[in-house]
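Taking the working numbering, the leading residue of the sequence shown gets 3, the next gets one more, and so forth.
In this text, a Cβ means the ideal position worked out from N, Cα and C, and glycines have one as well.
All of these numbers come straight from a predicted model, not from anything done at the bench.
Read the structure below first, then the notes.
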Amino acid sequence: MSKPVVTAIASFGMSGVVYHGPSLKVLPEKFKIHKILERTKNVSALRYPEAKIVRSYEEILNDPEVELVIVNTPDFLHFDMAKQAIEAGKHIVVEKPFTKTSSDARELIALAKQKGVIMTVYQNRRFDNGFMTIKKIIAEKLLGRLVEYESHYDRYRNYIQEGSWKEDGDERTGVLFNLGSHIVDQALALFGVPKAVTANLNILRTGGRTTDNFDIRLHYNQFNATLRTSYLVRELGPQYILHGTEGSFTKMGSDPQEEMLKIHHLPNEPGWGEEPQSDWGLLNTTINGLHFKGKIETIPSNYADFFVNLYAVIREGKELLVKPEEALTTIRILEACLESNRLKKTVEFLSE
3 MSKPVVTAIA
13 SFGMSGVVYH
23 GPSLKVLPEK
33 FKIHKILERT
43 KNVSALRYPE
53 AKIVRSYEEI
63 LNDPEVELVI
73 VNTPDFLHFD
83 MAKQAIEAGK
93 HIVVEKPFTK
103 TSSDARELIA
113 LAKQKGVIMT
123 VYQNRRFDNG
133 FMTIKKIIAE
143 KLLGRLVEYE
153 SHYDRYRNYI
163 QEGSWKEDGD
173 ERTGVLFNLG
183 SHIVDQALAL
193 FGVPKAVTAN
203 LNILRTGGRT
213 TDNFDIRLHY
223 NQFNATLRTS
233 YLVRELGPQY
243 ILHGTEGSFT
253 KMGSDPQEEM
263 LKIHHLPNEP
273 GWGEEPQSDW
283 GLLNTTINGL
293 HFKGKIETIP
303 SNYADFFVNL
313 YAVIREGKEL
323 LVKPEEALTT
333 IRILEACLES
343 NRLKKTVEFL
353 SE
């Protein structure tokens, strides 16, 4: 069996604590957490005593043992840190939303190809159990021809978190690039590149300085994909609403993985990713001439599968699930949303 991929984590904030660390920990035969960058603290020592805490990024870049670097720093640092890692010959995972501009994304893709390293973007919401379920429903045409798709990623946060980089900055700092990168990526994975984009971006919270609400339409040949996010939704509605020529599917609730990870459960525990029946989606449709209406069990999923695939790519030459070119398209769509909102009209979207 191939040896584990020697890995370094470039920061130990929320994403390192909740997502990357636990996924790597349950895959010891595939990944070795070798170094973790904490500039002043030693938080990771308790959970990952096998890893060495370093105080500078150079200690990761200059280590010949390190094969893979996880760039999970704030968005505005992604480009520079990813570029340095690629130039040092490291494979990299870049936290979403990849880069702040499409031109930066193109430069990183070209550089990674030139250096012969593997680069991917951490779009873990492709491994949400609700998304896996609707993906199967669409693939099996259980609704007939799909005519409407609506996805929500809502939260209730009516305050401004002072001191957070997510609350200040330019138009690419708010929920559009943060949470929007997830649901745009999901739509691309399901339906491909849209023909046009319409977006309405808002700041709704008192004292807000960055976008905290959006309504996006991705226009396809026969239907629109509607994507919505708001920080002022205290009573959550359906996460997914799908309508087709034969029926409808609605899905309440949200994937339980994040909340389980936040309270330090690990994604190798029995029943991981399973959802209570109360959150199962409702399918009302006609299948082969028979009417069906009832709950559909949510397909359990696992964020660690992102890294299972990455290991197979690095060690076995398998195909990457989240390709950097797809992440580039996501950034381009988010930029089209900015343009649409600025012009107050639908803008054409062209494939590269």
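Residues that residue i bridges to, as DSSP identifies them
| i | result |
| --- | --- |
| residue 219 | 200 and 228 |
| residue 55 | 38 |
| residue 121 | 94 |
| residue 314 | Beta-bridge pairing links residue 314 to no other residue. |
| residue 242 | 153 and 253 |
| residue 70 | 9 and 93 |
| residue 350 | 198 |
| residue 148 | 246 |
| residue 33 | 7 |
| residue 263 | In the DSSP output, where bridge partners are listed per residue, residue 263 has none listed. |
| residue 158 | 234 |
| residue 297 | 284 |
Candidates the options: closest to residue i by CA position
| i | options | result |
| --- | --- | --- |
| residue 92 | 116, 101, 100 and 99 | 116 |
| residue 136 | 346, 337, 300 and 170 | 300 |
| residue 172 | 113, 78 and 183 | 78 |
| residue 49 | 266, 193, 203 and 9 | 266 |
| residue 195 | 254, 71 and 336 | 336 |
| residue 58 | 42, 233 and 319 | 42 |
| residue 233 | 205, 133, 123 and 10 | 205 |
| residue 308 | 67, 76 and 127 | 127 |
| residue 298 | 134, 187 and 148 | 134 |
| residue 101 | 183, 249 and 273 | 183 |
| residue 281 | 66, 98, 162 and 241 | 241 |
| residue 188 | 112, 165, 292 and 154 | 154 |
| residue 364 | 255, 235 and 219 | Because the chain in this structure spans residues 3 to 354, residue 364 falls outside the shown range and cannot be described. |
| residue 65 | 191, 76, 10 and 123 | 10 |
| residue 60 | 185, 83 and 75 | 83 |
| residue 159 | 97, 224 and 236 | 236 |
| residue 141 | 292, 193 and 125 | 193 |
Same chain, Cβ closer than 8 Å to residue i, five either side skipped, listed in chain order
| i | result |
| --- | --- |
| residue 20 | 260, 263 and 264 |
| residue 25 | 269, 305, 306, 308 and 309 |
7 Å Cβ shell around residue i - same chain, five flanking residues per side excluded
| i | result |
| --- | --- |
| residue 131 | 257, 275, 277, 300, 301, 302 and 303 |
| residue 28 | 268, 269, 270 and 306 |
| residue 243 | 152 and 252 |
| residue 40 | 14, 46 and 55 |
| residue 361 | There is no way to answer for residue 361, as the model of the chain reaches only from 3 to 354. |
| residue 53 | 35, 36, 37, 38 and 46 |
| residue 246 | 145, 146, 147, 148 and 149 |
| residue 123 | 96, 98, 100, 324, 326 and 329 |
Neighbourhood of residue i by C-beta, 6 Å cutoff - its chain only, sequence neighbours within 5 removed
| i | result |
| --- | --- |
| residue 121 | 94, 114 and 326 |
| residue 351 | 196, 198, 199 and 338 |
| residue 310 | none |
| residue 139 | 251 |
The region 183 to 199 / the region 330 to 342 touching (three or more Cβ pairs under 8 Å): yes
Cβ contact check for the region 20 to 33 and the region 297 to 316: 3 or more pairs under 8 Å: yes
contact_flag[the region 329 to 338, the region 273 to 285] where n(CB pairs < 8 Å) is 3 or more: no
Unbroken stretches of the beta strand (DSSP E), 3 residues or longer, contained in the region 271 to 295: 283 to 289
Cβ contact (3+ pairs, closer than 8 Å) linking the region 204 to 216 and the region 116 to 129: no
Three CB pairs or more closer than 8 Å across the region 213 to 227 and the region 170 to 184: yes
Touching by the beta-carbon criterion (3+ pairs, under 8 Å), the region 102 to 113 and the region 153 to 170: The region 153 to 170 and the region 102 to 113 do not touch, with fewer than three beta-carbon pairs separated by less than 8 Å.
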